[in-house]
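Enquirer: Pasting a structure below so you can have a look.
Numbering (full-length UniProt numbering), first residue to last: 1 to 155.
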């Protein structure tokens, strides 16, 4: 698979460079450096193609390990959102649903003094939980159902 992709990459590079040289003419005849910018961009494109060749081959051949490369992008994206101070990340932190990457980014913001972490509910200084005497009666209803099932002989 590599020879086919390498041949395609180099055919593209040589084709673009020939077309560019035919259009620009002799590089020594350029009046200023700005006239050579397309040539420099072609060189950068060639380097990009050469660097991307292994990834192209893996993607074309269906290598099952290729998706593992993109698995780290989600964590990097979450860290970047947290580092940027996204309100969504702060909301998830407040309810205890922030990922490790988001939490690390929020702690980094706190460390550098950008923004303090908000207080979570049910922690010191946050809103208090309901007192234990205000039950919903769910346990009592469950026990009543169990005793009824016992009387009916089903439990």
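Ideal placement from N, C-alpha and C gives every residue a C-beta, glycine not left out.
(1) Do the segment 86-95 and the segment 46-62 touch if we need at least three Cβ pairs shorter than 8 Å?
(2) Could you tell me the alpha carbon to alpha carbon distance between residue 109 and residue 22, rounded to whole angstroms?
(3) What residue from 4, 117 and 20 has the CA that sits closest to residue 56's CA?
(4) So, helix, strand or coil for residue 3, using DSSP?
(5) Can you give me the C-alpha to C-alpha distance between residue 138 and residue 144, rounded to a whole angstrom?
(6) Distance, Cα to Cα, residue 31 vs residue 2?
(7) Excluding the 5 residues flanking residue 13 on each side, which residues of the same chain have their C-beta closer than 7 Å to its C-beta?
(8) For residue 99, which three-state DSSP category applies?
(9) In chain order, what residues of the same chain lie with their CB nearer than 8 Å to the CB of residue 35, ignoring the 5 residues before and after it?
(10) Exposed or buried, residue 106, counting other C-beta atoms within 10 Å across all chains shown (16 or more means buried)?
(11) Count the other C-beta atoms from every protein chain shown that fall within 10 angstroms of the C-beta of residue 77, then say buried if there are 16 or more, exposed otherwise.
(12) Indicate whether residue 104 and residue 82 have their beta-carbon atoms separated by less than 9 Å.
(13) Locate the alpha helix (DSSP H) running through residue 139, then write down its first and last residues.
(14) Residues in its own chain within less than 8 Å of residue 93 by CB, not counting five upstream and five downstream?
(15) Can you tell me which of the three DSSP states residue 57 falls into?
(16) For residue 40, does the count of other Cβ atoms within 10 angstroms reach 16, so buried, or fall short, so exposed?
Expert: Result, derived from the coordinates:
(1) no
(2) Distance between the alpha carbons of residue 109 and residue 22: 53 Å.
(3) 4
(4) helix
(5) 10 Å
(6) Pairing residue 31 with residue 2, the inter-Cα distance amounts to about 41 Å.
(7) 46 and 49
(8) DSSP places residue 99 in coil when its eight states are reduced to three.
(9) 24
(10) buried
(11) Exposed, because fewer than 16 other Cβ atoms sit within 10 Å of the Cβ of residue 77.
(12) yes
(13) 138-152
(14) Around residue 93: 102, 103, 106, 117, 118 and 120.
(15) helix
(16) Exposed: under 16 other Cβ atoms inside 10 Å.
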